[in-house]
Amino acid sequence: MHEYDAKYVTTPNYKSTVHFNGHGGYTAPDLELPPEKLDWWRDAKLGMFIHWGLYALLGKGEWEYFNGKWKREDYARLVDKFNPTTKPEDIAHEWLDTAQSAGARYAVMVTRHHDGFALWPSESSYLGFNSGLLGKDYVRAFTDECHARGIHTGLYYSPMDWRFPGYFDPDGQPESAQAMKRQCHGQIEELTTRYGRVELIWFDGGWLAHKGHDVDAAWLWDPIALCRRARANQPDILLSPRSGYIGDFQCDEGPHAITGEIIPQPWEKCMTTGDAWGYQPGAKVYEPEFIIRMLADVICRGGNLLLNIGPDPDGHVPEEVKKLFRALGEFTSANGEAIFGTRAGIWQPVDDVYGAVYRDDCAYLHIVDAAKFVGMTLPAVNYRFVKCHTLDGRQIPFRQDETGVRLSLHEDLVANAPVDLVLRLVAEKPIVL
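3 is the number of the first residue of the sequence shown in the working numbering; add one for each residue after it.
Structure below.
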């Protein structure tokens, strides 16, 4: 690290169940993006993550190389079996059909996970371990399809690589560790120069020997130089944490419930559709109601939801996952104005009852328990509302005075409320917080 132009900053704590995995990181003035450069991402609200690679052949998830104690040469031979008959372009088409069926506005493809296999012909790849061996470029197919559809394009990249002894023992095997670092910097150069506009690099695995946090290994990876390399090629690219750099947004991972206050800094909840990130046959898939509730809880606290799929060895999305995404899409299609392009507020969330977002002159209540909401008074605000109704036009009587806003929900509306009942309150003037 070049300490003269980088500083360490910590991630703030909030009264929330949100847990930011990065635990802080280094930053530098030239890497700090102006807030408006994140507007597209904060507007998008919903993205799709894609974990797919050699590990799909084994059906035990993306950590099978390590968990299964594979020898490097044995794992490398899996390439001979990894040759989907489906063309890369058709695989990408199916993936992004799935993303758009849910209403996702951005997609993030795992280009190379911790096992080291790159899904593009990478000259920087150690021992040539990449899809060029098959004459295929899956990253090209994905980015081209994103660009054609107008979906914001994100690429996941893991600096760490289990194939290097220097990952597990960087002090004892420094040459191996440095070779791993060279691969990392070289591959980020490739990913940010070959595929047109890339709007997000999603780093993961900037630690060493499965110990500590990403920032603890900054002495090896030099994340400031790494991120400067990406920005030199893509000036507006967003950078996640988990490289040792603090990142342009923070990340909470896993299916745990989100509670607490609105988080003022940009953040994202990443989770998968059930038990597995990488492909596992028969893995549990969450019910749509669980994901809809998660989306509501996340956006009402200022975050995005990045929802993962794990395609099978041929690149196909499991049908149960497609069904989940279609069901989520029915919700986002019917309630899109209360999701996309909004910001969290005008009221702080009340856990397990409601949260709120706003846009222009409208505040949108996301009520996740209508029965508990009955009789509650929304805190007083400096905006006068002129009407309240459901998004399909049903009027909701309300009273507003100096004590707050009280809504009168019809009994049948409460009795038949969906997992997220969305109400629109129209103010006399645009809401600015």
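Every residue, glycine too, gets a C-beta built ideally from N, C-alpha and C.
Discussion item. Tell me the DSSP secondary structure of glutamine 180 in three-state form.
Written reply: helix
Worksheet item: What do you get for proline 313, buried or exposed, if any count of 16 or more other CB atoms within 10 angstroms of its CB means buried?
Response: buried
Item to complete: Measure the CB-CB distance between glutamate 64 and tryptophan 209 and report whether it falls below 8 Å.
Response: no
Item to complete: Would you grab the beta carbon distance between leucine 241 and glutamate 201 for me? Rounded to a whole angstrom, and I think it's under 8 Å.
Response: Going by Cβ atoms, the distance from leucine 241 to glutamate 201 rounds to 11 Å, so no, they are not a contact pair.
Item to complete: Using alpha carbons as the reference points, say which of Asp277, Ala346 and Pro161 lies closest to glutamate 289.
Response: Asp277
Worksheet item: isoleucine 293 by DSSP, collapsed to three states: which one?
Response: helix
Worksheet entry | Minimum C-alpha distance to valine 1 - residue among Thr145, Arg401, Tyr360 and Ile369 | With the chain represented from 3 up to 435, any question about residue 1 goes unanswered, as that position is not in the structure.
Worksheet item: Which residues share a DSSP beta bridge with threonine 379?
Response: Arg408
Practice prompt. Note down, in chain order, each residue of its chain lying with its Cβ closer than 8 Å to the Cβ of valine 359, except the 5 sequence neighbours on either side.
Written response: Ile301, Cys302, Ala340, Ile341, Thr344, Arg345, Ala346, Gly347, Ala365, Tyr366 and His368
Discussion item. Taking the beta carbon of serine 124 as the centre, do at least 16 other beta carbons fall within 10 Å, making it buried, or is it exposed?
Written reply: buried
Worksheet entry | Endpoints, the beta strand (DSSP E) within which glutamine 252 is located | 252–255
Discussion item. Counting C-beta neighbours from all protein chains within 10 Å, is the total for proline 14 16 or more, i.e. buried, or is it exposed?
Written reply: exposed
Item to complete: Please name the residue, chosen from Val355, Ala232, Cys390 and Lys325, that lies closest to aspartate 32 on a Cα-to-Cα basis.
Response: Ala232
Practice prompt. Run through the region 121–189 for me and flag every whole beta strand (DSSP E) of 3 or more residues, listed as ranges in chain order.
Written response: 154–159
Item to complete: Kindly list the residues whose CB is nearer than 6 Å to the CB of threonine 12, restricted to its own chain and excluding five residues on each side of it in sequence; keep chain order.
Response: Gly26
Item to complete: Decide if phenylalanine 447 is buried, meaning its Cβ has at least 16 other Cβ atoms within 10 Å, or exposed.
Response: Outside the displayed span of the chain (3 to 435) sits residue 447, for which this structure offers no information.
Item to complete: Give a yes or no on whether the C-beta atoms belonging to leucine 157 and threonine 100 are separated by under 8 Å.
Response: no
Fill in: Helix, strand or coil at cysteine 229 according to DSSP, with G and I counted as helix
helix
Worksheet entry | Rounded Cβ spacing between proline 420 and serine 410 (contact assumed at less than 8 Å) | Actually they are not in contact, since the Cβ atoms of proline 420 and serine 410 sit about 19 Å apart, beyond 8 Å.
Fill in: Same chain only: Cβ atoms within 6 Å of threonine 274, ignoring 5 sequence neighbours per side
Asn310
Worksheet item: How many Å lie between lysine 9 and isoleucine 248 at the Cα?
Response: 10 Å
Discussion item. Does glutamine 236 come out as helix, strand or coil in the three-state DSSP assignment?
Written reply: coil
Worksheet item: Which ranges does the alpha helix (DSSP H) cover as unbroken runs of at least 4 residues, wholly within the region 28–64, from first to last along the chain?
Response: 41–46
Worksheet item: Between which two residues does the beta strand (DSSP E) harbouring arginine 401 extend?
Response: 400–403
Fill in: Selection from Pro176, Cys272, Ala336 and Val81 that minimises the alpha carbon distance to lysine 138
Val81
Practice prompt. Give me the Cβ distance between aspartate 363 and valine 428, rounded to the nearest whole Å; I'm assuming they're in contact under 8 Å.
Written response: 6 Å
Worksheet entry | leucine 129, buried or exposed, once every other Cβ within 10 Å from all chains shown has been counted against 16 | exposed
Worksheet item: For tryptophan 204, which residues of its own chain have a beta-carbon under 6 Å away from its beta-carbon, when the five flanking residues on both sides are left out?
Response: Val110, Gly156, Tyr158 and Ser242
Item to complete: Inspect the CB distances between the region 222–230 and the region 31–51 and report whether three or more fall short of 8 Å.
Response: yes
Worksheet item: Alpha carbon to alpha carbon, how far is glycine 61 from aspartate 206?
Response: 21 Å
Worksheet item: In chain order, what residues of the same chain lie with their CB nearer than 6 Å to the CB of aspartate 316, ignoring the 5 residues before and after it?
Response: Pro86 and Thr88
Practice prompt. Have a look at tyrosine 6 and aspartate 299 and give me their C-alpha separation to the nearest angstrom.
Written response: Low confidence applies to tyrosine 6: its pLDDT is 39, below 50, so where it sits in the model is not reliable enough to give any reading.
Worksheet item: Considering only C-alpha positions, which residue in the set Arg44, Thr29, Lys39 and Pro37 is nearest to lysine 271?
Response: Arg44
Item to complete: Can you grab the Cα-Cα spacing for the pair serine 479 / alanine 120, in whole Å?
Response: Outside the modelled stretch of the chain, which goes from 3 to 435, sits residue 479, for which no answer is possible.
Worksheet entry | Cα-Cα separation, arginine 413 to valine 323 | Here residue 413 turns out to be glutamate, not arginine, going by the sequence shown. Approximately 35 Å, taken between the alpha carbons.
Worksheet item: Ordered along the chain, which non-local residues of its own chain (more than five positions away) have a Cβ less than 6 Å from that of glycine 118?
Response: Phe131, Asp163 and Arg165
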